[in-house]
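Presented below is the structure to which this report refers.
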Amino acid sequence: MIQEYLQKSTKKVLNTLELAVSELVKQKQNLLTPDFVLLALLSQPDSEAVKIIESISADPVDVTTQIRARIQKHYQLTTPNDATQIVGSQELTNLFQIAHEEAKKLGDEFIATGTLFLALFDSRTGHTAELLRTSGLRYKPALEALRNLRQGQSISSQDAETEADVLSKYTRDLTELARQGKLDPVIGREKEIHQIIQTLSRRKKNNPVLIGEAGVGKTVIVEHLAQRIADADVPDTLINKRLLALEMGEIIAGANMRGEFEQRLKSVRDAVIKAKGKVILFIDELHTVVGAGAAAGGLDAPSLLKTALAQGNLKVIGADTLNEYHRYIEADKALERRFHPVLVRAPSIEETIQILKGIAPRYEAHHQIQYQPKALEAAARLAERYLTDRQLPDKAVDLIDEAGSQKHIRLISIPHNIKVLEQKHQKLHRDKSEAFGVQDFARVASLQMEILKLEETLKSARESWQADRSKLDSLVSEEDIAEVVSAWTGIPVARMVESESQKLTRMEENLHRRIVGQNDAVSSVADAIRRNRAGIATPRRPIGSF
Numbered sequence: 047m048i049q050e051y052l053q054k055s056t057k058k059v060l061n062t063l064e065l066a067v068s069e070l071v072k073q074k075q076n077l078l079t080p081d082f083v084l085l086a087l088l089s090q091p092d093s094e095a096v097k098i099i100e101s102i103s104a105d106p107v108d109v110t111t112q113i114r115a116r117i118q119k120h121y122q123l124t125t126p127n128d129a130t131q132i133v134g135s136q137e138l139t140n141l142f143q144i145a146h147e148e149a150k151k152l153g154d155e156f157i158a159t160g161t162l163f164l165a166l167f168d169s170r171t172g173h174t175a176e177l178l179r180t181s182g183l184r185y186k187p188a189l190e191a192l193r194n195l196r197q198g199q200s201i202s203s204q205d206a207e208t209e210a211d212v213l214s215k216y217t218r219d220l221t222e223l224a225r226q227g228k229l230d231p232v233i234g235r236e237k238e239i240h241q242i243i244q245t246l247s248r249r250k251k252n253n254p255v256l257i258g259e260a261g262v263g264k265t266v267i268v269e270h271l272a273q274r275i276a277d278a279d280v281p282d283t284l285i286n287k288r289l290l291a292l293e294m295g296e297i298i299a300g301a302n303m304r305g306e307f308e309q310r311l312k313s314v315r316d317a318v319i320k321a322k323g324k325v326i327l328f329i330d331e332l333h334t335v336v337g338a339g340a341a342a343g344g345l346d347a348p349s350l351l352k353t354a355l356a357q358g359n360l361k362v363i364g365a366d367t368l369n370e371y372h373r374y375i376e377a378d379k380a381l382e383r384r385f386h387p388v389l390v391r392a393p394s395i396e397e398t399i400q401i402l403k404g405i406a407p408r409y410e411a412h413h414q415i416q417y418q419p420k421a422l423e424a425a426a427r428l429a430e431r432y433l434t435d436r437q438l439p440d441k442a443v444d445l446i447d448e449a450g451s452q453k454h455i456r457l458i459s460i461p462h463n464i465k466v467l468e469q470k471h472q473k474l475h476r477d478k479s480e481a482f483g484v485q486d487f488a489r490v491a492s493l494q495m496e497i498l499k500l501e502e503t504l505k506s507a508r509e510s511w512q513a514d515r516s517k518l519d520s521l522v523s524e525e526d527i528a529e530v531v532s533a534w535t536g537i538p539v540a541r542m543v544e545s546e547s548q549k550l551t552r553m554e555e556n557l558h559r560r561i562v563g564q565n566d567a568v569s570s571v572a573d574a575i576r577r578n579r580a581g582i583a584t585p586r587r588p589i590g591s592f
């Protein structure tokens, strides 16, 4: 009877049964029960059962440890049997029968580790149901967790779980992160998002590639698309799609030989293809995947992607810099034809300010501070003016992050006087221990009195510090932003904070500090600059000729 169900089980379930037999042999038993199946499920960190427990339990590690300990203790008290004559219990048959019913409810064609775990909650599987209940696990939350884990996907082949494992190992699910609220909000970028959606909806050449300088926000745009998919704020063609970001570090790690890297990439490609259009793969730094700069005999990844892209079986969103795209993607004409470029320009200063206002609450919560509106404006303007080697909005975001970190550290730093008292307190305790060791009890008593007095002083100092700390300004100001820029560039803070009108007004005064005896020349230069900044200079002519 059980053989019939095994033919309708995934390879992962068959592997679980092998592990269950191994557990049985370890315990010197010969009757295979659902207990050993549960132990086998818990021994696989990538099984749906473990993921369900992680989702519904406050302390999954503790729950797993408890279940293991109880089962092992139960069989330690049982008389050992001949493990060479293994037979399956009636409860084991019941387990697979119930798991088959659970699979049907979820629309699965095969029994998976998730449905096998759900079946363990049924009392017909023996005392495992009671064991799960006493561990704080319940059927309904487990079923809901499995549905959330599957995200509408069904088990339609024996390899389905293995393919899902490949995707969870080598990719990051952006749509799931969006549902959990773990992605930063994105302000603007509607034009680029519209272009991506339009490209993805095309019949051919439907793989957009975002092209722009590092730091302009290419990855953030893709995260915004994931958020819109999670919120169902997309056309019908993208509803219920999963947007997965390829983790190149995971694919390359430990792949010593060419074939190993390609096999991993091929397994990801095949898993995405078998999802039948339900998965969109995001590849950042696209040129690294298609073998950029590979020497003879290097990685031959393009051939793994070209056919699938040409047939329309694989949907990809790429991202790369303009130089890398020209150098590597356009060089391979067959590959280039599969992609539709979407140009991503750096936002203006005003757009950057709006972006900073949108993400500021996340940084305020992290650093436990607040940003003044002028600080956000200063971050955008100073970043554009002084950090010329980088792009907006990335450099402005780094500025507010650094300024917030500095402000938080200042707020929590322990004052020097308290540190001195703490050190003295520790020294007195050491002296007391030494005096006790030589049985100098008079000194012990004296030191104890000193310790008590010092503890009173320390308590008073701490209370005073806490009171002062509550009065400290937790607002990040324009000056705080300027300090960070000054630290990064070496430009004095005063020069950055001073307004342009003040600089123009005091131009002669500043020039006279360096130039002596050239009053007319200084006045002429200053007047010419002021005229130009006021917008009344003659077009197509120099600002001034002296």
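With our numbering, letter number 196 in the sequence shown gets 242, and the count goes up by one each step, no holes.
Built from N, CA and C at the ideal position, the CB exists for glycine as well.
None of these values were measured; they are calculated from a predicted model.
- In the structure shown, the three-state DSSP call for glycine 134 is strand.
- DSSP, reduced to helix, strand and coil, places valine 390 outside both helices and strands of the structure shown, so it counts as coil.
- The C-alpha of serine 181 is placed about 51 Å away from the C-alpha of alanine 356.
- Below 8 Å, enough C-beta pairs join the segment 219–230 and the segment 267–282 to call them touching: three or more.
- According to the DSSP secondary-structure assignment, valine 362 is paired through a beta bridge with Leu327.
- One alpha carbon belongs to isoleucine 326, the other to lysine 287, and they sit about 7 Å apart.
- Here asparagine 253 carries a strand assignment [DSSP, helix/strand/coil].
- According to the DSSP assignment, arginine 218 belongs to the beta strand (DSSP E) that extends over 217–219.
- When only Cα atoms are considered, histidine 173 and isoleucine 102 end up about 21 Å apart.
- Closest in alpha carbon position to valine 268, among Asp330, Gly160, Gly323, Gln485, is Asp330.
- The shortest C-alpha to C-alpha distance from glutamine 49 to any of Ala115, Glu496, Ile157 is the one to Ile157.
- Taking 8 Å as the cut-off, the beta carbon of leucine 467 is found closer than this to the beta carbon of leucine 500.
- Here alanine 426 is near isoleucine 399, since their CB atoms are less than 8 Å apart.
- Measuring C-alpha to C-alpha distances from threonine 161 to each of His240, Lys54, Val109 identifies Lys54 as the nearest.
- In the DSSP annotation of this structure, the continuous segment of the alpha helix (DSSP H) that includes leucine 178 starts and ends at 174–180.
- Contact between tyrosine 432 and valine 531 holds: CB atoms are separated by about 5 Å, below the 8 Å threshold.
- Around valine 262, the same chain offers Val390, Ala392, Gln437 as residues with beta carbons nearer than 6 Å, after the five sequence neighbours per side are excluded.
- Apart from sequence neighbours up to five positions away, the residues of its chain that approach threonine 171 with a beta-carbon distance below 6 Å are Pro80, Glu137, Asn140, Leu141, ordered along the chain.
- Of all alpha-carbon atoms in Asp566, Val280, Leu246, the one lying nearest the alpha-carbon of phenylalanine 385 is that of Leu246.
- At a Cβ-Cβ threshold of 8 Å, valine 314 and leucine 213 count as neighbours.
- Nearest in C-alpha terms to glutamine 241, of all of Val255, Asp230, Ile233, is Val255.
- For glutamine 416, the beta-bridge partners assigned by DSSP are Leu521.
- Counting along the chain, the unbroken alpha helix (DSSP H) around alanine 66 starts and ends at 57–72.
- Residue range 462–483 is occupied by the alpha helix (DSSP H) that includes arginine 476, with no beta strand (DSSP E) assigned at that position.
- Annotation: the segment 559–586 contains the following complete segments of the alpha helix (DSSP H) (minimum length 4 residues), in chain order: 565–580.
- Distance from the Cα of isoleucine 132 is smallest, within the candidate group Lys228, Gly305, Glu69, Ala291, for Glu69.
- Each of Glu147, His372, Leu164 was checked against the Cα of glutamate 190, and the nearest Cα belongs to Leu164.
- In this structure lysine 58 touches glutamate 207 by the C-beta definition: roughly 4 Å separates them, less than 8 Å.
- The same chain holds no residue with a CB closer than 7 Å to that of asparagine 565 once the five nearest residues on each side in sequence are set aside.
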